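Chemist:
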Amino acid sequence: MKKLIPLLILSTFFLVSCSEPDSWALHQVKSAAVPVFEPVPADFIPRKLTVLSTGDSLTQGIGDSTGHGGYLPYLKTMLEQEKGIKEVDFYNYGVKGNRTTQLLKRLQTQEMKTLLKQSDLVILTIGGNDIMKVVKDNFANLEIPVFMNEKEVYRNHLTDIFETIVQENPNASIVLVGLYNPFSKWFSNIREMDQIVSEWNKAGQGVVANYPNAYFVGIEDLFLNHDENLLYTDNFHPNDKGYEYIAQRLNEVMDAQVLPDLDKKSFMVSTEEN
């Protein structure tokens, strides 16, 4: 009987020690079987996009033979072909001749404030008439320092425009379309005009860099390096082909940067609401 008791104890210990790994393994299998669900992509349900386009004659579409709004119809078609977009509503508030000061006043009206609140995206074309004002005011003494001084005024006005937009809708993305140089055919004696336009574009990029939801779309090279004539008969505004190329450049930047960021914001908002 004495020999039997130690034998029973030893057998019990052996059985317990052998059963532990099986129990542990079974527990691991059960844990691994729990399903893991990936977040639903932001573009899973195609969305409606509301776009406020405002600024000067480039938004109004001067030079567009169809009279349908310059680059807007082209861009609308391109955007509605994107995977995550079902429909794009454009509101065209471009006004021929507008400078930064005039656009700022319009943005502060109740009508524009209401549109800003509703917009997912705001596209701006502004600054060309500011340069033209410098030309007209200093026609007898056109020198680079004059344009460089006015560039800082332009930068300040542009900052006020951005601040006004952000104040009304901090979630809206803002796209600033850069300036191009049509002036060489008008003022061939100003050889430095390409440099002036480039410096003003740098000022615009500097303003854009201060806002996380803002983007700069350069179009200067389209009009400098293209074999095809992209200007209207006035040699100032884009023609149909020029507007189409502007729309293509806008779509490229929006596809690569703006739309993905909008999708992220949309997903974050829906997650917070749930």
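Numbering (my numbering), first residue to last: 15 to 288. Think of the CB as a built atom: it goes at the ideal place given N, C-alpha and C, for glycine as much as any other residue. Just so you know, these numbers come straight off a predicted model, no measurement behind them.
Three or more C-beta pairs under 8 Å: does that hold for the segment 124 to 131 against the segment 157 to 168?
Modeler: Not touching, per the Cβ criterion.
Chemist: How would you write the range of the beta strand (DSSP E) that Ile99 sits in, first residue to last?
Modeler: 99 to 108 is the extent of the beta strand (DSSP E) around Ile99.
Chemist: For the alpha helix (DSSP H) containing Gly142, list its first residue and its last residue.
Modeler: Per DSSP, Gly142 belongs to the alpha helix (DSSP H) from 142 to 151.
Chemist: Any chance the segment 61 to 69 sits against the segment 101 to 108, with 3 or more Cβ pairs inside 8 Å?
Modeler: At 8 Å Cβ cutoff, the stretches touch.
Chemist: Is the beta carbon of Gly77 closer than 9 Å to that of Phe250?
Modeler: Yes, these two residues count as a Cβ contact at 9 Å.
Chemist: Thinking just about the alpha-carbon of each residue, which of Pro159, Phe153, Gln116, His82 is nearest to the one in Gly141?
Modeler: The shortest Cα separation from Gly141 among Pro159, Phe153, Gln116, His82 belongs to Gln116.
Chemist: Are the CB atoms of Leu172 and Val221 nearer to each other than 9 Å?
Modeler: Result yes, Cβ atoms of Leu172 and Val221 sit closer than 9 Å.
Chemist: State the Cα-Cα distance for the pair Ser133 and Asn155, rounded to the nearest angstrom.
Modeler: Whole-angstrom Cα-Cα distance: 43 Å.
Chemist: Taking only the alpha-carbon atoms, compute the straight-line gap between Asp174 and Lys255 and give it to the nearest angstrom.
Modeler: Between Asp174 and Lys255, the C-alpha separation is close to 32 Å.
Chemist: Is Pro226 helix, strand or coil when you go by DSSP?
Modeler: Coil at Pro226, not helix or strand.
Chemist: Is Tyr290 near Val189, with beta carbons less than 9 Å apart?
Modeler: Residue 290 is absent from the model: the chain starts at 15 and stops at 288.
Chemist: Just tell me which of Glu177, Leu129, Arg120, Thr114 has its CA closest to the CA of Lys147.
Modeler: Of the candidates Glu177, Leu129, Arg120, Thr114, the one whose C-alpha sits nearest the C-alpha of Lys147 is Thr114.
Chemist: Would the segment 230 to 246 count as touching the segment 178 to 187 if we require 3 or more Cβ pairs under 8 Å?
Modeler: With a cut-off of 8 Å, the segment 178 to 187 and the segment 230 to 246 do not count as touching, because too few Cβ pairs lie within range.
Chemist: Just how far apart, CA to CA, sit Pro60 and Met207?
Modeler: When rounded, the distance between both Cα atoms is 44 Å.
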